[in-house]
Amino acid sequence: MTLGYDPANILQVERLVGAPIELVFRMFSDAHHLDQWWGPDGFQNETHEMEFSVGGLWRYTMHGPDGKDWPNWIRYQDITPPTRIAYQHGAEMGEPAHFDGVITLQAEGTGTRVTLTLIFATPEARDATLKFGAVEGGKQTLARLDTYAMAQKNA
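Quick note on numbering: the sequence shown equals residues 8 to 162 in this note's numbering.
This is the structure we're talking about:
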């Protein structure tokens with residue numbers, strides 16, 4: 008699903024997560040949960056603040072496996088429980104967003120199809136993110152979500 012955007016400006020990753028849609032949505036809406044799985048393999052999150060509401064901010068640092076810290080912010084633009092979260096995503100506070108993101112959730116059998124779409128202003132911005140490993144990082148992130156959501160489902 009491309010949401011009507013120019014394919015030259017988007018990256019998209021999806022995964023069938025083995026947990027019900029309400030639980031998966033909760034994994035995106037609470038900093039305690041996000042800190043456990045958000046990001047590629049080897050990264051750990053530290054949330055500084057989070058207000059999960061339209062206009063709200065999630066500010067966090069991703070600590071890389073190499074010891075490098077990556078500041079991030081997400082400003083929520085639309086939240087439609089339990090199927091859609093749209094946001095702007097940037098790095099340092101005060102800088103413009105690097106891209107817009109849309110997370111869609113769709114019940115599929117006993118699981119949830121999670122689609123993460125990143126929308127860039129230009130094909131060049133998208134291509135730079137591709138070179139950075141965004142697709143593999145997105146796949147790893149959704150795999151971590153799957154593992155964590157399954158553990159929460161069985162807890």
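A virtual CB, placed ideally from N, CA and C, is assigned to each residue, including glycine.
All values reported here derive from a predicted model rather than from experimental measurement.
Under 8 Å between the Cβ atoms of residue i and residue j?
i, j, result
"residue 28", "residue 112", "yes"
"residue 109", "residue 124", "yes"
"residue 127", "residue 136", "yes"
"residue 50", "residue 14", "no"
"residue 114", "residue 26", "no"
"residue 20", "residue 145", "yes"
"residue 160", "residue 30", "yes"
"residue 154", "residue 47", "no"
"residue 64", "residue 91", "no"
Establish whether the CB of residue i and some CB of chain D are separated by less than 8 Å.
i, result
"residue 82", "Among the chains of the structure shown, chain D does not appear; only one protein chain is present."
Does DSSP classify residue i as helix, strand or coil?
i, result
"residue 94", "strand"
"residue 65", "strand"
"residue 114", "strand"
"residue 8", "Only weak support is given to the placement of residue 8: the predicted model assigns it a pLDDT of 46, under 50, and the question is left unresolved by the model."
"residue 145", "helix"
"residue 39", "helix"
"residue 106", "strand"
"residue 44", "helix"
"residue 129", "coil"
"residue 100", "coil"
"residue 16", "helix"
"residue 29", "helix"
Among the candidates the options, whose CA atom is the shortest distance from the CA of residue i?
i, options, result
"residue 119", "62, 127, 89 and 39", "89"
"residue 58", "147, 38 and 115", "38"
"residue 60", "50, 80, 46 and 84", "84"
"residue 130", "144, 105 and 122", "105"
"residue 151", "11, 23 and 76", "23"
"residue 55", "47, 68 and 98", "68"
"residue 45", "80, 12, 102 and 91", "80"
"residue 75", "52, 82 and 97", "52"
"residue 77", "99, 63 and 94", "99"
"residue 94", "107, 102, 66 and 103", "107"
"residue 240", "121, 122, 66 and 132", "Residue 240 lies beyond the stretch modelled for the chain, which goes from 8 to 162, so this question has no answer here."
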